[in-house]
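Chains as they are written, first to last, in our numbering: chain A, 1 to 206; chain B, 207 to 634; chain C, 635 to 1201; chain D, 1202 to 1462. For glycine and all other residues, C-beta sits at the position ideal for the given N, C-alpha and C. Values in this document were obtained by computation on a predicted structure and should not be read as measured data. The structure under discussion appears below in the form of structure tokens.
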Amino acid sequence: MALSLVAYIREFARVEWAKKFLAARTAPLVIPPYFRNYPELTGKTCTHHLFCMMACPAPGAIDVIRTPEGWQPRIHVGHCIRCGLCVEACPNGVLSSGRILESMFLDNTRLSFSFAITVDLDRCMGCGNCAVACPVNKLIDAQMSHGGRASTDDLLLKVSDGKCHVLHVEKCTGCKTCEHHCPNEAISVARLLEAVHSPEEEPWTS
Amino acid sequence: MRIEDVVCPFCGCLCDDLVVSVEGTKVLSVENGCTLATEKFTGDHRLAHPIRRTGGSWEKTTYDVAIRETAEILLDAERPLLYGWSGTFVEAQTIGVHLAELLGAVIDNTSTVCHGPSIMAIQEVGHPGCTLGQVKNRADVIVYWGANPIEAHPRHMSRYTTFADGFFVKSAFRDRKVIVVDIRETDSSEIADEFVKVTPGGDYAVLSALRMIVRGKGELVPEKVSGVTREQLFRVANICLSARFGAIFFGLGLTMSRGKYKNIRNAIELTEELNRHTKFTISPMRGHWNVYGSNEVFTWITGYPYAVDFSRGIAFYNPGETTSVDILRRKECDACLVVASDPGAHFPRACAGHLASIPTVQIDPHVNATTHLSRIQIPVAVTGIDAEGTAYRMDGVPIRTRQLFSTDYPDDVAVLGRIYSLVKEAKG
Amino acid sequence: MTQGILIKNAYVIDPLSGIRGEVMDIAIRDGRIVEEAPPGSQVIDAGGCLTLPGGIDSHSHVCGTKVNFGRYMSPEDMRAGRTSRKGVMHVTSGYSVPTTFGNSYRYSTMGYTTVLEGAMAPLEARHTHEEFTATPHQDMLANTLFDGNWSVMEAVRDKDVKRAAAIVAWTLAAVRGFAIKLTNPGGTEAWGWGKDVANIHDPVPHFEVTPAEIISTMIQANEILRLPHSVHLHCNNLGVPGNFRTTLETMDLAPPAQGNRQTLYLTHVQFHSYGGTTWRDISSKSEDIARSLNSKPQVVIDMGQIMFGRTTTMTADGPMEFKLYMLHHNKWSNHDVELETGSGIIPVYYSRKSLVNCVMWAIGLELALLAKNPWQCLLSTDNPNGAPFVKYPEIIALLMSRRMRENERKEIDPRTEHYVPLFALERELDWYDIAVMTRAGQAKALGITRIGKGFLSPGAQADVAIYPLKPDQLDPSVDYQQVMAGFSRTLYTIKRGRVVARDGDVVVEGANSTIWTRSRVPPGYDMGSDPEFTKKFDQYYTVRLRNYPVQDVYLPRGVCIETEAAL
Amino acid sequence: MRVILKTRPRKKPHVPIEAEGIIPQNFLRKNDLSVYEGNRERHLEDLFFVTVEGPAVSPDQVEVILTGDTGRIKRVGEYMNAGRIIIEGDIGMHCGNFMSAGEIIVRGNADAWLGREMRGGRILCEGNAGDYCGAGYRGEKRGMRGGTVEVMGNAGDFVAEYLSGGEVIVHGDCGDLPGVEMRGGTLVIGGNCSRPCGNMTGGTCMVLGDPGELLPSFRRNGSTEAEFGGKKFRMAVFRGDVANRGKGTLLVREDLKSSRP
């Protein structure tokens, strides 16, 4: 015991060792361009299509908030799994992470999606939380978002005969706000997502 | 025919934005209303004509006979009780109170089994409240305490609080924090930012602890109060203190648990304390659509919101003594008129038993649990469907209901008015 | 109702008709005063007793949401003044906030036939009207609150007086209101955030308009609409020591009168005439206020007298009630009304042992004694804020008798005299002054002489009060007890040609009218079809626009005063 | 003078009787008192067999004795200011309301609001008392202001609510929230209770049984010695209610204190 202690002290007291120890440097940590980090804002304008939320597989990892400058995606790093699907899904390139945007451009790929909303009529109380909170409804009908009165049938969701009804499923952007805010777990959104090659025009500018 | 801006006659939310399609005397569809509203409009269990019990069975009778017998029963009684009133409109409630003063009766409304304790607390410390629009337009913190709005007031959150965008709250559910306090997880706690789980009967202590923190005496709060950690209490207090406008809504979980009105009093005093730092309001989640109207009417005529005893000529009020449940439990009353409510379903069994043993008359459109306890039932038009009148929303806003179609049923005012005339005639 | 009444040997004071005390007969037919009574008329011998037009209260809180909440929260107040059903009289309860029938019967036995409810939130107007019908012995009018009205404030911000006028016209017609009431303008909106405005130039949060701008714009709007009454203002900073400056600045906002009517009515000015900086050095500034009033014929005030004892304060001025609550720590209710206004209620006890209360008591009396023109200072307690209206006879006696004031001086805090000029004032008001301050002045200020209120010459509504007082045999400065007793209980109160009360008992069921105003505006100014107005309504109110207006059924005997707006 | 009131049998024995007229001073001159049965006004003789023995010149010398089925009679002894009332059985609500002097003895149980808003005098209840014993009226800021209420048995909830003066002694157990809103006076609880003195702002409450879990808003402030029923106890002193102004005193037995907030 005592001997080995002496051996240690002798080893570490050597000048060469001390020099090496103090002078050693590792290369600075650089994130390589192909590495996917948490998505960042590119500065492009968000149009509140909420494709990012829809594509995100991690619950609670991304939402889109209203700031004084307009809509803006917000990443919750604790939840984000850095899959990059939101970057791929965004039609306006608002987000970036690694070389995703670049490779999409080169490969001419995009994500294609559609949704199915199901309402469990036994559970639904017709409280209207989903229809009032729905961001799509909000854009269509201000009266709906200010307290649940439908002034048009162009809405995505609407309460009639005491239950929530899906009027225009094609308008759904898959953000799942309805699902998250249903107290009865009566509504759910299923997304069908696939990557497709789009040889011709850019479909998202329309 | 589509009728717009129909007022829902179900709960205290009194939503007035329903669109109802009717054909003749049938409701085809209801838009914007919740499940409960739709059932109210489309349900059909109406009694076709007055009935009276002879021996053990019911027989059909006429309005004239039923009304005359009711008047006789009431005139005969030494301690008649006129109970209910929450499911009818203000104009009928007014006649009810005048009938009670004429008879020397006790008149009481359904507050007795729901928010009576809230009223008693308000009578001790007042009530810092506001209309629901004030919450919708301003609140950034919403607290539901012992209330499960999704079950009892389904549209409360989407129409007035959590989800409805307001003038100063552009993106409602993102800009608002929701705190739910309850003894168990509920549908409403599902969507809360902070769920405070209190051990049953522990609300009073939790409210006291929160008051201490707001008063700057937080260092004295023990590690755990009624199952809630000190840490969470501080977190909740800080959310409240940093609110620009906070609104507390409380329900039967607070009024009907141990301590009853003292719980509400403590909650109101917490609200007052918070007002020294920011803006806070507190409101009871009133159940029946026009229970608040009956409180208002009783108050402007007698001075008291419920449980008014006219047996000595003057108005006397003392919950615990003049409240229906207490009167029935002590078997005091010797006749009862039930209007627009269902004590048979909501009262303790002993009370219902006494109702069955005395002459009980029910004025109600539907056959319900009280029918089985009654001697006579007089069906009437349903306010908000085939009759119209005034109702008060849970926050005190009066709204006139709409009549969707007319039927042959007389409304409550007609029936009660005739009973009143007969009693007045007899009293001279 | 072809039956008439002939009142003989009445000692009549009828200021609006220029009668200053004359024994004469009054003939009534079909609810109106006429030259000659129809044959077979009931004859009432007044026996030389004081006969006045029916009393008019131009500022009282008797009906509506907050009044009823005052009752609701005060079972202890209800224990006082309980009477049982008797003849045509319903059960009554309450002292400071009596039940509606209690208010009505007590007013009636005091000879009052017309009462203006001081504050009605438009959203809850239906409630006020329901209580009006349960106050059957007085014709009722409702001041309608506009102090924190978002649409109005936006019009003020945009300097669009015409739009402000159009909003007022639409709202008054929708809620069957009578006049524009501003309570702590801007302050009630600030109270939505728990704040208040500090003075009339302090901007309202978010809306960035000042109380002064709101007041000035509303005065102009009122004149554009040619409403019978002027703007009815409860100034900012009520009850704050040193607030007399705010009041004086506010009075300066009143433009000169056009014609014979005031352009600004300041209510309960006693509460707005405080000097000093804290409750410790509060003093009376009644002289400053009266000086300003005496130089401004375009301003009318009412006293807002306080009287010692228990009462309940209630006002749309939410922030002020909270301040008061923090002083008393008893109980406090508050009720903010979306997009419109607020309100607060607390019980108080005015004590002779409290120097502050004594100073307040003195200020009210001083205002009445220092105002040269009784038409400009009307009698009120801001019922029930200063005291319940049943104290009016006592106030009348105090104003008519210096001796009574001296007697009271012995009972109150002895330091009071160092803070108030009251005891140096020798003036004693006479019967004529009192007649002006309790009916004629009110009728003129409210602009309801046009419907026959406040006078007794032919054509007038037959609202008459006969008091058991013989002015030629009575020296009010000595016999103040008798004056008090006499004004408390009429021999006869006649309302629209019917005897409604006799010797303190109400003798008929009663059926009153509600008086409201409608200004006709050109179609372009109809807010009911204004896209911006209706859009705001849809999004921010929690009641649908179509469910907002008060339906005709709520005014079984509505009397509408129509005007042509100069838009 | 002794006035003996024995109840007559009634057709509807559950209908309450209101008899605020039954106070010693009223029997000095007259016997034709009114009482109410439900909404009907009755003569005293309609409901009671009345026996008067001996003379009296002042109310102090009057003793009223109630026997029979007295459990539904309310407001006996209201505004009493002298003399003595002895109730052989149970008594209904509001016995001794506003009483200012004299003595009431209840041999049976008393219903709720025994000695409500009492100003002086003494009430002894040998059985149990209901809720709100020695309490106040709804909405009123001050309850009982003077005198003594002593209950040999148990009492219900909200005992001595708003107590402002005088003394309430319960030898047995109390229900929930005894001494709630207390602002003066003394409350002694011989047995157990739960949550004593919520929101108190003044006065002293002593609990000799198990007080259950104390509210979190009471601050420990030393110990003291107290005497009750001839025995001495070591008491823990708490000041509270801190959630309010914290000026009241709550004494709890050191050895029985089951838990500390």
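{"Query": "Measure how close the beta-carbons of Val934/C and Leu1012/C come, nearest whole angstrom, since I'm counting them as under 8 Å.", "Result": "7 Å"}
{"Query": "Does chain A have any CB closer than 8 Å to the CB of Thr947/C?", "Result": "no"}
{"Query": "Taking the alpha carbon of Asn343/B as the reference point, which residue from Gln329/B, Trp351/B, Asp381/B has its own alpha carbon closest?", "Result": "Asp381/B"}
{"Query": "Please report the straight-line C-alpha distance between Glu1426/D and Val431/B, rounded to a whole angstrom.", "Result": "29 Å"}
{"Query": "Ignore the nearest five residues each way along the sequence and tell me which others in Ile474/B's own chain have a CB closer than 8 Å to its CB.", "Result": "Ala327, Ile328, Val331, Gly332, His333, Pro334, Ile488"}
{"Query": "Closer than 6 Å by C-beta to Arg663/C: which residues in its own chain qualify, once you throw out the five before and the five after it? Chain order, please.", "Result": "Gly638, Pro672"}
{"Query": "Quick one: list the residues of chain A neighbouring Ala370/B, beta-carbon separation under 9 Å, in chain order.", "Result": "Val132, Ser145, His146, Gly147, Gly148"}
{"Query": "How about Gly78/A: is its C-beta nearer than 8 Å to some C-beta of chain B?", "Result": "no"}
{"Query": "So within the stretch 488-516 of chain B, which uninterrupted alpha helix (DSSP H) runs reach at least 4 residues, ignoring any that extend past its ends?", "Result": "497-508"}
{"Query": "Which of the three DSSP states is assigned to Pro323/B in this structure?", "Result": "helix"}
{"Query": "Per DSSP, which residues does His969/C bridge with? Please list them.", "Result": "Gly335/B"}
{"Query": "Based on the DSSP output, what are the partners of Ala1096/C in its beta bridges?", "Result": "For Ala1096/C, which the question treats as bridged, DSSP gives no partner whatsoever."}
{"Query": "Would you mind telling me which residues of chain C sit closer than 7 Å to Glu1304/D, beta carbon to beta carbon, in chain order?", "Result": "Those do not exist, as Glu1304/D stays about 26 Å from chain C at its closest Cβ, beyond 7 Å."}
{"Query": "Quick one: complete beta strand (DSSP E) runs, 3+ long, within the stretch 1302-1334 of chain D?", "Result": "1304-1307, 1323-1326"}
{"Query": "If you compare alpha carbons, which of Arg1073/C, Arg879/C, Val1141/C, Lys796/C is closest to Ile853/C?", "Result": "Lys796/C"}
{"Query": "From this set, Gly978/C, Ile916/C, Tyr1026/C, which residue's C-alpha is nearest Glu1051/C's C-alpha?", "Result": "Ile916/C"}
{"Query": "Under the criterion of a Cβ to heavy atom distance below 7 Å, does Leu242/B qualify as lining the ligand ADP?", "Result": "The ligand content of the structure shown is nil, which means the ligand ADP is not present either."}
{"Query": "Between Gly1309/D and the rest of its own chain, which residues show a CB-CB distance below 6 Å, the 5 nearest in sequence each way excluded?", "Result": "Gly1290, Asp1291, Gly1328"}
{"Query": "What residue range is occupied by the uninterrupted alpha helix (DSSP H) comprising Asn469/B?", "Result": "467-481"}
{"Query": "Where are the beta strand (DSSP E) runs, 3 residues long or more, that stay fully inside the stretch 899-982 of chain C, in chain order?", "Result": "933-936, 943-949, 967-970"}
{"Query": "Compare the Cα-Cα distances from Asp1233/D to each of Phe1250/D, Gly1255/D, Asp1270/D and report the closest residue.", "Result": "Phe1250/D"}
{"Query": "Using 8 Å as the threshold, is the C-beta distance between Asp1312/D and Met1294/D below it?", "Result": "yes"}
{"Query": "What are the uninterrupted segments assigned as alpha helix (DSSP H) that are 4 or more residues long and contained completely in the stretch 18-89 of chain A, given in chain order?", "Result": "51-55, 85-89"}
{"Query": "Tell me the rounded alpha-carbon separation between Thr205/A and Gly93/A.", "Result": "Any reading at Thr205/A is ruled out, since the residue's pLDDT is 45, under 50, leaving its predicted position unreliable."}
{"Query": "Three or more C-beta pairs closer than 8 Å, one from the stretch 939-952 of chain C and one from the stretch 785-796 of chain C: is that the case here?", "Result": "no"}
{"Query": "Is Pro875/C near Gly910/C, with beta carbons less than 8 Å apart?", "Result": "yes"}
{"Query": "Name the residues in the stretch 1341-1359 of chain D whose C-beta lies less than 7 Å from a C-beta of chain B; which are they?", "Result": "none"}
{"Query": "When Cβ atoms are compared, which residues of the stretch 1158-1170 of chain C fall closer than 8 Å to chain B?", "Result": "none"}
{"Query": "Whose C-beta lies closer than 7 Å to the C-beta of Ser292/B among residues of the same chain, with five residues either side of it excluded?", "Result": "Asn315, Thr316, His494, Asn496, Val497, Ser500, Ala546, Ser547"}
{"Query": "Closest by CA to Thr267/B, which one among Lys537/B, Ile584/B, Leu534/B, Gly302/B?", "Result": "Ile584/B"}
{"Query": "Would you check if the stretch 450-462 of chain B and the stretch 423-440 of chain B touch, i.e. whether three or more CB-CB distances between them fall below 8 Å?", "Result": "no"}
{"Query": "Find out if the Cβ-Cβ distance for the pair Met462/B, His359/B is shorter than 8 Å.", "Result": "no"}
{"Query": "Is the shortest distance between the beta-carbon of Ile328/B and the beta-carbons of chain C less than 8 Å?", "Result": "yes"}
{"Query": "Whose Cβ in chain B lies nearer than 8 Å to the Cβ of His181/A?", "Result": "Phe369, Phe379, Ile397"}
{"Query": "Using C-beta distances below 7 Å, list every residue in its chain close to Asp1358/D, excluding the 5 sequence neighbours before and after it, in chain order.", "Result": "Asp1332, Gly1376, Asp1377, Leu1378"}
{"Query": "For the alpha helix (DSSP H) that Met852/C lies in, which residues bound it at each end?", "Result": "845-859"}
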